[in-house]
Structure formats: structure tokens, C-alpha cells
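In what follows, a single structure is set out as C-alpha cells and then discussed.
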Amino acid sequence: MPDASKHEVALIAMPSMNDLIRNVDTPEDISAAAAELRQVSTITPNATLEVFEAWADALGTPKMAAIPGIAFLRLWLRRNTLEPIIARELGPGALDGRWVEDGRARLRAYPVGVVGHWPAGNIEIQPLLSMTCALLGGNACLVRIPKALRDQTRQMIEKLAQSDVDYFLTQRIRLLVFDHERLDLHRAMAQSVDGAMIWGGEEAVTEIRSLPFPHWARLAVFGPRISVAAMDAATWCDLSAREALCRRIARDVWQFDQQACSSPQVLFLEKKDGHSAGDFVQALRAAFETENRIHPRETIQASLTSAICQARASWLLEDVANGAVFPSGPEWTILQGYGSEIPQPTEGKTLTVLEVSDLFDTAAKFDSDVQTLGLAVADPAREATLASVAASRGVDRIVQLGRMHVFTPPWDGVDLIRIMVRMVRHVRSVE
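Plus 1360 on top of the position in the sequence shown (first one is 1) and you've got this note's numbering.
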């Protein structure tokens, strides 16, 4: 994948913001956008990383900081984050688009072509985060932008346009805004791509997967899953570490308003005689109050407020042993009880804290619906065994509390760059 030369780039007119992010109304609009993308020259990951670094810097403004998840996007875009990932997924020669010897043959990474992105509508940075994975493989991108995310996406993409002075990336991106209900436009987009990255709830994922993609198209599907946290008795009973641990948990709960697949919905505490989980919940309450002062919710949907109120009431009425801690408003909620069953998520910063007799018994009940397990376990050998149990039950990510949202491949058990790259094998015709 050689870099586009300066001469080649100079022949390409700078895309305007109306080119980059478009309201589309006909299938022909989408076909035309895809045709434009197929004219662009190839680019190496190394050249892409140069633009990403500049973009990360440009996103570091007070106005941008108000967009949920922007700190994670900026960290993801850094060269020191991505270089090791590219080397691991694509091989040592991938940064500069070189062939790598493989016995009597040689290997080289090539893009699949035009990659379509169908992000979930509730994570502000996800359209661009998904797009970056395909760009790192040298692909061009058609990205469907949910209307609710149009304004935030425009703000972020304007910073990319300002940073990409040679148009390396902006010439290979088209962001398309159209209603979810427009099946004709979804079909046109599917027919125009060579690969797709699909994110969202069960209904949305099922609908997109059923579209008429070309038979060669590669599909990467990231459907609805939930995440949990767990702490062993030795950890949560350690008073010296409690405050820091509670801050980590609050940080994980607050990101993305607990709507991401990596958001903890329940915290399992391993029981210890003589120690009260109620005391721990009070420490967690203080951490939630602090986090709420630092990152208050600006708006909340009426339906979410109703769901939070209903969750509080039903939890307290369900069992006299249950407890709850929450402010007068819907800002956050901690539900306290017992048992190893994962409750139905409420989201909206509603964390259920459950005491269990043994974390191993709890992990043995997990299934592939659990994406991420955030852990705090004092004994490394015990943690390693617990991680193996969780992994064997279908959990794909096992991480430290406070880092449940860190966007590092593999994600949902698969690489994020490699999946939209063709590894071409060349066996020489002359020995």
C-alpha cells in the first residue's frame, strides 16, 4: 500500500464539509458517493497515523471535551496506541505497506475496498471510532450517521478536515445522514460496499445483516451485550484501597451514560464474614456524588427517567432485604442486594451491587451475552483462574476496573483492523 504522492493528492480538490457529511435522499446519492471513493489512491497506515495524531490534538479543546467519549477517541488516535496494534494484527511490514517474507512466499496487507459503517445511535463517538478501524487498513469509508448524532459528528469531522492538510483521509470518507426507516437507502449502501462494520441492538443488527451485500463482502457484527464488574472479598474489604476502587467503578458507570456494551450494569462483591457491603455502598455513594458533580448529566429522556424510577421502586418492593441509595432526582442509582443472577439492565447510571458467596460460582453462570468483566482481585493466581473460567463461558474482555471502556482490540473477541484487510499471498513463479 504505497502512500499517495504529493503530486497525486494535489490533483484532488479539497472536499468541502458538504462533501464529507451529506444528507442523502435517493439510492443514487449513495451510489455516487461510493463511486467517488473508488477513485482514491491507496495509503499506508503510517500516513494515516500522521493525520490521526494531528486530529487528536485538534480535538483537545474545551468545546470538544463536552462530547461524551472524546477523551477515549483522542487516546485511540495516538500513534503509540495504534502502532503496536497494527504490528500485531497486520505484521511487521504493514506500517509502510511492505511485503513480508513467509517461507517461499511473501505477504502484504491490502484494503478490502469501500467499507460501510452502521454505528449504534447512542454512542456519540462510535461512527468515527468505527471508521478509523477501516481507514487504518487503507480502506475508504461510507458511514451512516444517525440523525441524533449529526451535530456532534460534524464538530469532530471538522477537526479532521482542518488537520488533514493534504486530504489523505478526507478524500476517502463520506458520512451519510438519513432516517433509520429508509430501507431503500440502507439497501443502496449495502450494495455499494466491500465490507461492513455493524453495531447496535438486536433488532438493528438483524435488519442490517439481512441487506443485499455483495457475496464477497466481509461483515463484522458487534451486537448488543452487557458487562459486569466483580471484586473479591480481600479487595473490597481493604479500607486503604476502597476510595480509589470506588472512583474507578464510578468512572466506568459514567462513561456513555451506561449505554455502551462495555458499561458495568452489576457489581458482584464476594461475601466476607464480619464485613458489611452496606459500608462499601456508602463509599460508592460518595464516589458517585463526586463523579456527578464533575460530570453532571445535561439532559435526560423522559422514558429513561421513568425506567429509573420504576427500577428503584420494583427493586425495593421485590425483597425486604434489598436496599437502594439514590438522590431525589434520576442522576444515579445504586441498588443493593444478594444473588448471582445478572438483573435486567436499566442503564442511566443505575448500578446493582450484589453480594455472592463465591466469585467462581458466579462466573460459571456467565454466557456469551457478557462482553466485559471488570475485575479487582487481590491474588494474581486466583484472578488468572477466575479469568479462565469467565473466558470459557463466553466473556471476551477481562480488564481492570476503571478501564472497561478502553477501546483496544481484540473487541468482542475479534481484531478491529485485520477484519477489514486482505492478506495477499504471493508465491513467486520463478525460484
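Just so it is clear, CB atoms sit at the ideal spot from N, CA and C, and this is done for glycine as well.
- When secondary structure is reduced to three states using DSSP, residue 1586 falls in the strand class.
- When beta bridges are read from the DSSP output, residue 1678 appears opposite no residue.
- Within 10 angstroms of the beta-carbon of residue 1376 lie fewer than 16 other beta-carbons, which makes it exposed.
- Burial of residue 1734 is indicated by the presence of at least 16 other C-beta atoms within 10 angstroms of its C-beta.
- Around the CB of residue 1440, fewer than 16 other CB atoms lie within 10 Å, so the residue is classed as exposed.
- Separation of residue 1566 and residue 1705 (C-alpha to C-alpha, rounded to the nearest whole angstrom) is 21 Å.
- Within the same chain, 1618, 1619 come within 6 Å of residue 1707 by CB-CB distance, once the 5 residues on both sides are set aside.
- Across the structure, residue 1624 and residue 1786 are spaced so that their CA atoms are roughly 46 Å apart.
- Excluding five sequence positions before and after residue 1562, the CB atoms of its chain that fall closer than 7 Å to its own CB belong to 1583, 1584, given in chain order.
- In the DSSP assignment, residue 1684 falls outside any alpha helix (DSSP H) and within the unbroken beta strand (DSSP E) covering 1683–1685.
- Proximity to residue 1715 across 1702, 1381, 1407 peaks at 1702, based on C-alpha coordinates.
- Nearest Cα to residue 1633 within the set 1611, 1592, 1424: 1592.
- The beta carbons of residue 1510 and residue 1472 sit about 27 Å from each other, so the pair does not count as a contact at 8 Å.
- In the three-state reduction of the DSSP assignment, residue 1591 falls in the strand class.
- With a cutoff of 8 Å on beta-carbon distance, residue 1640 and residue 1602 are scored as near each other.
- Beta-bridge partners assigned by DSSP to residue 1468: 1784.
- The C-alpha of residue 1688 lies about 11 Å from the C-alpha of residue 1672.
- Pairing residue 1504 with residue 1429, the inter-Cα distance amounts to about 19 Å.
- Distance check between residue 1544 and each of 1572, 1476, 1529, 1477 places 1572 closest, using alpha-carbon atoms only.
- Distance from the CA of residue 1558 to the CA of residue 1405, rounded to the nearest whole angstrom, comes to 22 Å.
- Here DSSP, grouped into helix, strand and coil, assigns residue 1710 to strand.
- The stretch 1490–1504 and the stretch 1545–1557 touch, with three or more beta-carbon pairs separated by less than 8 Å.
- Between residue 1674 and residue 1635, the alpha-carbon positions lie close to 27 Å from each other.
- DSSP assignment within the stretch 1515–1598 yields the following whole alpha helix (DSSP H) runs of 4 residues or more, N-terminal first: 1543–1551, 1562–1569, 1593–1596.
- Judged by DSSP secondary structure, residue 1428 falls outside any beta strand (DSSP E); it is assigned neither H nor E.
- Sequence-distant Cβ neighbours of residue 1621 in its own chain, meaning closer than 6 Å and more than five residues away, are 1585, 1731.
- Boundaries of the beta strand (DSSP E) harbouring residue 1697: 1693–1698, taken from the DSSP string.
- Residue 1466 and residue 1424 have their C-alpha atoms roughly 44 Å apart.
- Around the beta carbon of residue 1512, 16 or more other beta carbons lie within 10 angstroms, which makes this residue buried.
- Note that the C-beta distance between residue 1589 and residue 1644 is not below 8 Å.
- Residue 1384 and residue 1540 have their C-alpha atoms some 12 Å from each other.
- Residue 1480 carries a coil assignment under DSSP once its states are collapsed to helix, strand and coil.
- Per DSSP, reduced to three states, the secondary structure at residue 1411 is helical.
- Between the stretch 1520–1531 and the stretch 1404–1423 there are three or more inter-stretch CB-CB distances shorter than 8 Å, so the stretches are counted as touching.
- Going by C-alpha positions, residue 1570 is about 13 Å away from residue 1478.
- Nearest to residue 1460 by alpha-carbon distance, out of 1784, 1790, 1789, is 1784.
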